[in-house]
Amino acid sequence: MFDKLLYIETFGCQMNVNDSERIVSMLTDLGYAPTNDPASADMILLNTCSVRGGAEEKVYRRLANLRIYKRDGKKQIIAVGGCVAQQEGEELLRKLPYLDLVIGTHNLHLLPDMVRAAERGERRSETSFIDNDQRLDLFPSIKGESRLSRFVTVMQGCDNFCSYCIVPYVRGREISRRSTDILSEVRQLADEGVREVILLGQNVNSYGLKTGNEPTFAQLLRRVAEIDGIDRIRFTTSHPKDMSDELIACFADVPKLSSQIHLPAQSGSDAVLKLMGRGYSRASYLDKVHKLKTVRPDIVITGDVIVGFPGEHEADFEQTLSLMEEVRYIDLFSFVYSARPGTKAADLNDDLSRAEKLARLDLLMQLQRRHTSEISQNYIGSVMSVLVEGEGKFPGQVSGKADIGRIVNFAGESSQIGTFTDVKITKAYPNSLLGELLA
Ligand code: SAH
Ligand code: SF4
Ligand code: F3S
Numbered sequence: 016m017f018d019k020l021l022y023i024e025t026f027g028c029q030m031n032v033n034d035s036e037r038i039v040s041m042l043t044d045l046g047y048a049p050t051n052d053p054a055s056a057d058m059i060l061l062n063t064c065s066v067r068g069g070a071e072e073k074v075y076r077r078l079a080n081l082r083i084y085k086r087d088g089k090k091q092i093i094a095v096g097g098c099v100a101q102q103e104g105e106e107l108l109r110k111l112p113y114l115d116l117v118i119g120t121h122n123l124h125l126l127p128d129m130v131r132a133a134e135r136g137e138r139r140s141e142t143s144f145i146d147n148d149q150r151l152d153l154f155p156s157i158k159g160e161s162r163l164s165r166f167v168t169v170m171q172g173c174d175n176f177c178s179y180c181i182v183p184y185v186r187g188r189e190i191s192r193r194s195t196d197i198l199s200e201v202r203q204l205a206d207e208g209v210r211e212v213i214l215l216g217q218n219v220n221s222y223g224l225k226t227g228n229e230p231t232f233a234q235l236l237r238r239v240a241e242i243d244g245i246d247r248i249r250f251t252t253s254h255p256k257d258m259s260d261e262l263i264a265c266f267a268d269v270p271k272l273s274s275q276i277h278l279p280a281q282s283g284s285d286a287v288l289k290l291m292g293r294g295y296s297r298a299s300y301l302d303k304v305h306k307l308k309t310v311r312p313d314i315v316i317t318g319d320v321i322v323g324f325p326g327e328h329e330a331d332f333e334q335t336l337s338l339m340e341e342v343r344y345i346d347l348f349s350f351v352y353s354a355r356p357g358t359k360a361a362d363l364n365d366d367l368s369r370a371e372k373l374a375r376l377d378l379l380m381q382l383q384r385r386h387t388s389e390i391s392q393n394y395i396g397s398v399m400s401v402l403v404e405g406e407g408k409f410p411g412q413v414s415g416k417a418d419i420g421r422i423v424n425f426a427g428e429s430s431q432i433g434t435f436t437d438v439k440i441t442k443a444y445p446n447s448l449l450g451e452l453l454a
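Every letter in the sequence shown is one number past the one before it in this note's numbering, and letter 92, counting from 1, is 107.
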């Protein structure tokens, strides 16, 4: 039934990872099986990200490399999806004569038709945003092979318009999915053997706030936790300004809720936070972190920061380092500021040299490596419940995730895959932990 091969490369955030899963499942229905080898693929799709500058050029470079595979005379469909597709639209088709289709972030449901048209030699670009009413029925629905941990989209888009960020322009207005649809999807996943769900959206904790007739995110989370078979719940991403006391309370009394939270601060300086339009202060961010640590003492926090935002003085940057000292992130994703077309910050005076920005980034990353290492070393000797998801890196090992989100490898058997297993941590690496079965 599979007579064609699909090669897909995914860039950017988990929304794109989730969209790629959906693309694979839609194209399976058209007879495409996934492959890791672009040379043999009948269709190549790049699912792109435009959150930082140079994104378009990166896509062009990657396509130029992949195009060598199109030269043997065989028909191969070349497609671009995701946020660069949304941003550039038809322009991409004009610039790249070998490109067959461009599909925007609201148009995935059109993909099967577009692929059939491309198979007949038609070139198409679809990047219109869809009205919210219609979008409710176009939310991704689950399909495909059952695994142990799955994303469940709860909302899409973003209305925050942080001054540096392109996401609201390429993902469109924020919309919350119907809670009834979310809960029935989670129930179905539980029936298929899924043990962990990750509630997904750009700003999950503003879920329901604008609809009037849906629960809040905290209420939704409690309903998900009532579903038998689902034993662990995570969510990403949460915006600090919408981190309510009601949601913080879930960490106190919803044991299924993972002890890891991604709470991006972006900066530790009030002046910079204001210019970024983030809607919270350093003190209120730290207050929320403090409350989280009080109700869930073993919580681990991950975050994002931007270095070298226009107007970030040395003293502001030091505030970011001191925020890191106070929070002690287990992992921090740090980025040099990059001006994005059409955003408010793109008009700000950005006079800090690239070298200075990179020097700040380097300092920050050094500090983070120290924190990651200190926090991880502290886990040695502790016991963690690991959801075993597959074979480990080395023969005889299995691998899974602990409640704190860290990857744990240990000597075990494949019969343990799919179970929660207690593992004693014996060694800490920068990105994972090593453990042994509790005797
Ligand atoms: N919705 C998420 C973030 C999505 S973008 C949130 O609000 O937390 C992922 C990360 O990319 C952001 O957290 C930010 O740290 C970084 N980022 C976004 N725009 C950027 C830009 N113009 N330059 C550098 N980093 C940026
Ligand atoms: Fe971008 Fe801000 Fe929305 Fe996150 S909340 S996606 S950083 S605009
Ligand atoms: Fe990138 Fe789009 Fe996600 S710009 S970060 S892939 S929403």
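Where a beta carbon is used, it is the ideal one built from N, C-alpha and C, also for glycine. Small disclaimer: the values here were computed from a predicted structure and weren't measured.
Assuming residue i and residue j are in contact, meaning their beta carbons sit under 8 Å apart, how far apart are those beta carbons, in whole angstroms?
i, j, result
"Val320", "Ser349", "5 Å"
"Leu45", "Pro127", "6 Å"
"Leu215", "Val169", "6 Å"
"Gly318", "Leu278", "6 Å"
"Arg231", "Glu261", "In the sequence as presented, Arg is not what sits at residue 231; that position holds Thr. Yes, Thr231 and Glu261 are in contact; Cβ-Cβ is about 6 Å, under 8 Å."
"Gly97", "Cys177", "Going by Cβ atoms, the distance from Gly97 to Cys177 rounds to 20 Å, so no, they are not a contact pair."
"Glu71", "Glu103", "6 Å"
I'd like the list of long-range same chain contacts for residue i, defined as Cβ closer than 8 Å, with 5 residues on each side in sequence excluded.
i, result
"Val401", "Gly415, Lys416, Ala417, Val423, Phe425, Phe435, Thr436, Asp437, Val438 and Gly450"
"Leu114", "Leu78, Ile93, Ala94, Val95, Leu107, Leu108 and Arg138"
"Leu453", "Val398, Asp437, Val438 and Lys439"
"Val209", "Ser161, Arg162, Leu163, Ser164, Arg165, Gly244 and Ile245"
"Asn147", "Arg188 and Ile190"
"Asn51", "Tyr22"
How many Å lie between residue i and residue j at the Cα?
i, j, result
"Leu125", "Tyr22", "19 Å"
"Cys64", "Val342", "29 Å"
"Glu229", "Leu198", "12 Å"
"Val130", "Met380", "43 Å"
"Glu58", "Ser259", "Position check: residue 58 holds Met in this sequence, whereas Glu was assumed. Taking the straight line joining both Cα atoms gives about 45 Å."
"Ala330", "Ala280", "17 Å"
"Leu272", "Asn33", "21 Å"
"Met30", "Gln217", "8 Å"
"Val212", "Asn364", "43 Å"
"Arg385", "Leu336", "12 Å"
"Tyr394", "Leu60", "41 Å"
"Asp152", "Asp174", "20 Å"
"Ser296", "Val117", "40 Å"
"Ser221", "Thr251", "12 Å"
"Glu241", "Ile276", "20 Å"
"Val99", "Gly136", "23 Å"
"Tyr47", "Val304", "46 Å"
I'd like to confirm the pairing. Which residues does DSSP put opposite residue i in its beta bridges?
i, result
"Gln275", "Val315"
"Ser296", "Per DSSP, none; premise fails for Ser296."
"Ala443", "Leu448"
"Ala94", "Leu60 and Leu116"
"Ser400", "Asp437"
"Tyr22", "Ile59"
"Ser164", "Glu211"
"Asp346", "Thr317"
"Met170", "Ser191"
Residues in its own chain within less than 6 Å of residue i by CB, not counting five upstream and five downstream?
i, result
"Glu404", "Leu163 and Gly415"
"Gly407", "Val413, Ser414 and Asn424"
"Gln481", "The displayed coordinates of the chain run from 16 to 454. Any statement about residue 481 would go beyond what the structure contains."
"Pro155", "Arg37 and Thr168"
"Glu105", "Ser140"
For chain C, find out if any of its Cβ atoms is closer than 7 Å to the Cβ of residue i; answer yes or no.
i, result
"Tyr222", "Structure shown: chain C not included; a single protein chain is present."
Output needed for residue i: all residues of its chain with C-beta closer than 7 Å, excluding positions within five of it in sequence on either side, in chain order.
i, result
"Ser274", "Arg311, Asp313, Ile314, Val315, Asp418 and Ile419"
"Ser35", "Ile23, Thr25 and Asn62"
"Lys306", "Ile263"
Problem - Three CB pairs or more closer than 8 Å across the segment 361-369 and the segment 180-194 - result: no
Exercise for the section: Count the CB pairs spanning the segment 241-250 and the segment 282-289 that are closer than 8 Å, and state whether there are at least three. Expected result: no
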